[in-house]
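In the working numbering, the protein residues as written are 3 to 395. Below is one structure, written out as structure tokens; the observations come after it.
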Ligand SMILES: Cc1cc2nc3c(=O)[nH]c(=O)nc-3n(C[C@H](O)[C@H](O)[C@H](O)COP(=O)(O)OP(=O)(O)OC[C@H]3O[C@@H](n4cnc5c(N)ncnc54)[C@H](O)[C@@H]3O)c2cc1C
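The structure is reproduced here in structure tokens:
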């Protein structure tokens with residue numbers, strides 16, 4: 003049997019792959035099984051300086067993803083001796099990655115794309131794991147898709163269950179059990195589950211805590227820190243666009259079209275009256291320095307180099323918004339956030355190239371193992387790594 007701790011991008015994939023290979027699998031998930039549309043109620047963000055975002059429920063943080071499907075860290079993984087090109091292609095096929103048709107790209111996104119092009123920036127449509135035939139284009143992906151158009155990890159959990167996997171929800175793993183140099187199971191409070199194959203996939207803010215308690219070295223946290231910049235554009239209706247419909251890569255950041263509901267309050271506080279439909283915005287997401295830590299508390303600040311990257315990206319975002327017709331006098335920015343926490347149990351330091359720790363039979367398969375800051379959506383890469391590791395378990 004195999005015990006998988008956590009059911010997000012990493013955990014659900016490894017559970018499905020192991021079940022398909024004939025293992026008996028037990029998935030232990032801390033959060034509850036939920037209706038997808040309620041996902042926004044399960045945010046368990048951590049204010050670590052930069053606000054770190056995640057959801058704790060069946061399916062993990064994939065339940066609020068924007069469906070962005072970029073490959074990332076392929077070269078860095080090759081540098082570690084891991085080639086996931088075949089697994090990435092398989093993940094893209096399984097998730098149905100595609101560009102959205104023109105009718106699903108709203109006027110606001112088009113206006114920003116055209117403005118970026120006029121300014122000479124290489125803007126592209128974002129590939130998505132969203133089924134265009136099901137998409138209801140209400141802009142709520144990161145609150146929980148009401149139309150079940152976007153892939154999430156519950157689909158892989160359900161597939162694993164069809165293949166015989168057992169699932170326990172509402173139980174947090176509190177400790178890893180070992181005997182000598184071997185793993186023997188996990189503890190959930192007073193309850194124990196025993197097995198000699200255990201996969202920790204509790205996300206980059208929880209996995210290192212579990213590893214640290216048994217003396218496995220952990221590594222500093224990154225999060226792809228992002229800034230949201232918006233301003234008034236009356237009647238544009240951008241809040242209904244599929245979020246992050248377009249992006250432009252820039253040296254150390256990714257600049258995306260982006261609406262945040264918090265813009266309304268921020269604009270009001272700055273003395274501008276704008277309803278949800280009167281705002282255009284952009285996100286500047288940087289490859290931040292891995293300067294954070296996860297211990298009793300979680301800390302993640304902004305280094306000088308991070309500040310420079312954010313300022314550089316913000317000047318480009320500001321220029322594009324202005325070109326798109328937003329009055330710069332109405333610009334507001336939101337507190338810094340990070341939606342890709344990772345790197346806390348890196349390949350080469352906490353786990354080997356099979357993603358196994360120095361404890362025999364104990365693996366880590368989530369964003370913790372990423373070898374460098376992605377600066378891009380990591381779900382495809384996490385899924386590919388989970389497939390790669392499952393073959394070697
Ligand atoms: C708003 C938002 C939008 C995003 N959009 C995108 C996107 O469009 N594309 C993309 O590629 N990425 C996106 N991301 C990032 C992506 O969702 C995460 O990087 C990815 O889900 C991380 O996978 P994971 O397996 O490491 O952790 P998670 O998916 O967070 O899964 C961890 C799971 O472990 C469970 N858990 C935690 N502790 C325990 C415990 N002690 N015992 C048992 N279970 C436990 C949690 O409840 C959770 O279910 C987005 C993130 C956010 C916040």
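Here a beta-carbon is modelled for each residue, glycine too, at the ideal position from N, C-alpha and C.
Cβ neighbour criterion (16 or more within 10 Å) applied to residue i
i: residue 337; result: exposed
i: residue 181; result: exposed
i: residue 154; result: buried
i: residue 297; result: exposed
i: residue 164; result: exposed
i: residue 31; result: buried
i: residue 80; result: exposed
i: residue 91; result: exposed
i: residue 167; result: buried
i: residue 262; result: buried
Cβ pair residue i, residue j closer than 7 Å
i: residue 366; j: residue 202; result: yes
i: residue 78; j: residue 343; result: no
i: residue 322; j: residue 117; result: yes
i: residue 98; j: residue 143; result: no
i: residue 172; j: residue 189; result: no
i: residue 255; j: residue 231; result: no
i: residue 388; j: residue 12; result: yes
i: residue 397; j: residue 209; result: In this structure the chain extends from 3 to 395, so residue 397 is not present and cannot be described.
i: residue 103; j: residue 129; result: no
i: residue 320; j: residue 223; result: no
i: residue 169; j: residue 29; result: yes
i: residue 106; j: residue 139; result: yes
i: residue 340; j: residue 226; result: yes
i: residue 66; j: residue 57; result: yes
i: residue 146; j: residue 41; result: yes
Whole-angstrom distance between residue j and residue i, CA atom to CA atom
i: residue 280; j: residue 87; result: 42 Å
i: residue 351; j: residue 21; result: 28 Å
i: residue 375; j: residue 309; result: 16 Å
i: residue 61; j: residue 156; result: 5 Å
i: residue 204; j: residue 267; result: 33 Å
i: residue 371; j: residue 114; result: 35 Å
i: residue 45; j: residue 264; result: 15 Å
i: residue 6; j: residue 276; result: 46 Å
i: residue 307; j: residue 160; result: 43 Å
i: residue 258; j: residue 9; result: 28 Å
i: residue 127; j: residue 73; result: 14 Å
i: residue 76; j: residue 334; result: 35 Å
i: residue 228; j: residue 377; result: 10 Å
i: residue 395; j: residue 215; result: 23 Å
i: residue 148; j: residue 43; result: 14 Å
i: residue 260; j: residue 59; result: 25 Å
i: residue 332; j: residue 311; result: 23 Å
i: residue 89; j: residue 112; result: 33 Å
i: residue 34; j: residue 213; result: 23 Å
i: residue 359; j: residue 108; result: 46 Å
i: residue 330; j: residue 290; result: 26 Å
i: residue 357; j: residue 82; result: 11 Å
i: residue 278; j: residue 162; result: 40 Å
Neighbourhood of residue i by C-beta distance below 6 Å, restricted to the same chain and skipping five residues each side
i: residue 328; result: 233, 235, 282
i: residue 110; result: 238, 240, 243, 282
i: residue 2; result: Given a span of 3 to 395 for the chain in the structure shown, any question on residue 2 remains unanswerable.
i: residue 15; result: 158, 385, 388
i: residue 392; result: 16, 19, 20
i: residue 206; result: 343, 344, 346, 369, 370
i: residue 364; result: 185, 200
i: residue 101; result: 127, 129
i: residue 174; result: 32
Same chain, Cβ closer than 7 Å to residue i, neighbours up to 5 away in sequence not counted
i: residue 124; result: 250
i: residue 325; result: 117, 120, 121
i: residue 150; result: 38, 136
i: residue 131; result: 69, 71, 97, 98, 99, 152, 153
i: residue 396; result: As shown, the chain starts at 3 and ends at 395. That puts residue 396 outside it, with no answer to give.
i: residue 362; result: 183, 184, 185
i: residue 191; result: 176
i: residue 211; result: 296
i: residue 64; result: 10, 11, 154, 155, 381
Same chain, Cβ closer than 8 Å to residue i, neighbours up to 5 away in sequence not counted
i: residue 3; result: 25, 26, 27, 28, 197, 199
i: residue 95; result: none
i: residue 84; result: 349, 355, 387, 390
i: residue 179; result: 185, 186, 187, 188, 189, 194, 196
Check: residue i C-beta below 6 Å from any heavy atom of ligand 2
i: residue 64; result: Absent from the structure shown: ligand 2. Ligands present: ligand 1.
Any contact between the stretch 275–292 and the stretch 314–322? By contact I mean 3 or more CB pairs, one from each, below 8 Å.
yes
Segment contact flag, the stretch 193–208 with the stretch 256–273, C-beta cutoff 8 Å, min 3 pairs:
no
Looking at C-beta atoms only, is the number of pairs between the stretch 41–56 and the stretch 297–304 that lie closer than 8 Å three or more?
yes
Are the stretch 246–264 and the stretch 210–221 in contact at 8 Å, needing three or more beta carbon pairs?
no
Measuring CB atoms only, is the stretch 345–365 touching the stretch 249–267, in the sense that at least three cross pairs come out at less than 8 Å?
no
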